[in-house]
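Enquirer: Provided herewith is a single structure, encoded as structure tokens, for subsequent inquiry.
Residue numbers (full-length UniProt numbering): 1 to 262.
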């Protein structure tokens with residue numbers, strides 16, 4: 001059957017537009033503003049939004065991972081949303097955190113450019129991903145999406161979007177898929193029918209480069225290498241067990257030895 005893809009013009013989360021065209025609406029939350037103004041300039045950064053309000057971020061010492069600053073942030077709210085299974089709120093909080101971590105330009109703009117993902121530290125991105133996996137029984141998270149993207153669909157984004165449920169199959173004679181409308185058509189509950197890797201969402205209104213850069217972030221390479229080492233270790237252990245069984249040692253040497261090669 002022929003697979004074709006059509007795009008929503010106004011309501012799709014994933015409509016692809018040229019990178020220099022701003023979307024008709026932003027799905028990225030802007031940082032929460034407060035009435036207080038940061039007073040210690042060495043420890044905080046303030047971005048004025050009105051004459052009487054400002055947005056303050058705490059700043060840790062600058063490192064090579066960002067162009068000028070590396071901001072500390074709290075995962076408490078994200079953990080709270082995830083532990084309560086409030087996945088819609090957790091999804092929005094995740095985008096807010098990425099915007100804060102991506103740097104000052106992203107904060108002022110209100111969303112992240114793919115070129116700014118490099119400024120997000122590996123540990124911060126792993127921590128965010130770890131919370132998603134922890135509170136979804138390893139069903140949600142960027143590393144889950146990365147594994148599907150690399151191992152199951154050959155880095156084909158159309159196949160990825162179908163696999164993780166960002167695209168839906170249309171009821172037509174010829175097989176067609178269309179992007180789901182945000183937010184009503186996305187799945188905000190964790191159950192047996194929820195596609196693996198469905199959350200968190202990544203705004204693709206400016207193309208797939210942002211998602212590609214996130215999934216290619218070095219933060220997930222360490223974990224992937226560890227998983228590959230574990231698989232390789234299991235294979236070697238199995239071969240060793242076969243060799244040992246063909247030349248068994250005396251019972252006195254084997255009776256208390258636990259075999260984990262199964």
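Note that CB positions come from ideal geometry on N, CA and C, so glycine has one too. Since this is a predicted model, take the numbers as computed values, not measurements.
Let me make sure I understand the geometry here. Which of 136, 111, 92, 116 has the alpha-carbon closest to that of residue 85?
Expert: Reading the chain shown from its first residue, position 85 is the one you call residue 85. Per the Cα distances, 136.
Enquirer: With DSSP as the reference, identify every bridge partner of residue 179, one or two as the case may be.
Expert: Translated into positions along the chain shown, residue 179 becomes position 179. Looking at the DSSP assignment, residue 179 forms a beta bridge with 167.
Enquirer: Looking at the secondary structure, which residues open and close the alpha helix (DSSP H) in which residue 128 lies?
Expert: Taking the chain shown and counting its residues from 1, the one referred to as residue 128 is at position 128. Its alpha helix (DSSP H) spans residues 122 to 134.
Enquirer: What does the alpha-carbon distance come out to for the pair residue 121 and residue 181?
Expert: Locating residue 121 in the chain shown gives position 121, where the first residue counts as 1. Locating residue 181 in the chain shown gives position 181, where the first residue counts as 1. Going from the Cα of residue 121 to the Cα of residue 181 covers about 31 Å.
Enquirer: In or out: residue 193 buried (at least 16 other Cβ within 10 Å) or exposed?
Expert: Along the chain shown, read from residue 1 onward, the residue named residue 193 stands at position 193. Classification for residue 193: exposed.
Enquirer: Do you know offhand how far residue 41's Cα is from residue 109's?
Expert: Indexing the chain shown from 1 puts residue 41 at position 41. Indexing the chain shown from 1 puts residue 109 at position 109. With a pLDDT of only 39 at residue 41, under the threshold of 50, the placement of this residue in the model should not be trusted; the figure read from the coordinates follows. Looking at the two C-alpha atoms, the distance is approximately 22 Å.
Enquirer: Drop a sphere of 10 angstroms on the beta-carbon of residue 171, count the other beta-carbons inside from all chains shown, and report buried for 16 or more, exposed for fewer.
Expert: Residue 171 sits at position 171 when you count from the first residue of the chain shown. The residue is exposed, with fewer than 16 neighbouring Cβ atoms inside 10 Å.
Enquirer: Would you kindly work out how many angstroms separate the C-alpha atoms of residue 218 and residue 106, rounded to a whole number?
Expert: Indexing the chain shown from 1 puts residue 218 at position 218. Indexing the chain shown from 1 puts residue 106 at position 106. Straight-line Cα distance between these residues: approximately 20 Å.
Enquirer: Out of 79, 129, 115, 175, point me to the one whose CA is closest to residue 201's CA.
Expert: Against the chain shown, residue 201 aligns to sequence position 201. The shortest C-alpha separation from residue 201 is found at 129.
Enquirer: State the DSSP-derived secondary structure class of residue 142, mapped to helix, strand or coil.
Expert: Here residue 142 is taken as the residue at index 142 of the chain shown, counted from 1. Three-state DSSP puts residue 142 in a helix.
Enquirer: Can you give me the Cβ contacts of residue 87 inside the same chain, cut-off strictly under 6 Å, excluding the 5 residues immediately before and after it?
Expert: Stepping through the chain shown from its first residue, residue 87 is reached at position 87. Excluding positions up to five away in sequence, the list reads 188, 199.
Enquirer: So is residue 115 buried or exposed if we call it buried at 16+ other beta carbons inside 10 Å?
Expert: For this step, residue 115 is matched to residue 115 along the chain shown. Label assigned to residue 115: exposed.
Enquirer: Just verifying my parser: in three-state terms, what is the DSSP assignment at residue 149?
Expert: Locating residue 149 in the chain shown gives position 149, where the first residue counts as 1. Three-state result, residue 149: helix.
Enquirer: For residue 99, which of 73, 79, 81 has the nearest alpha-carbon?
Expert: Here the question's residue 99 lines up with position 99 in the chain shown. Taking only the C-alpha atoms, the option nearest residue 99 is 73.
Enquirer: Consult DSSP for residue 186 and reduce its assignment to one of helix, strand or coil.
Expert: For this step, residue 186 is matched to residue 186 along the chain shown. Coil, per DSSP.
Enquirer: Near residue 152, what residues of its chain come up, given a Cβ to Cβ distance below 7 Å and the 5 sequence neighbours on each side ignored?
Expert: By one-based count along the chain shown, residue 152 stands at place 152. Result list for residue 152: 163, in chain order.
Enquirer: Within the same chain, show all residues whose beta-carbon is closer than 6 Å to that of residue 132, passing over the 5 residues directly before and after it, in chain order.
Expert: Position 132 of the chain shown holds residue 132. Answer for residue 132: 140, 141, listed in chain order.
Enquirer: Buried or exposed: where does residue 117 fall if 16 or more other Cβ atoms within 10 Å of its Cβ makes it buried?
Expert: The residue given as residue 117 occupies position 117 in the chain shown. The residue in question, residue 117, is buried, as its Cβ has 16 or more Cβ neighbours within 10 Å.
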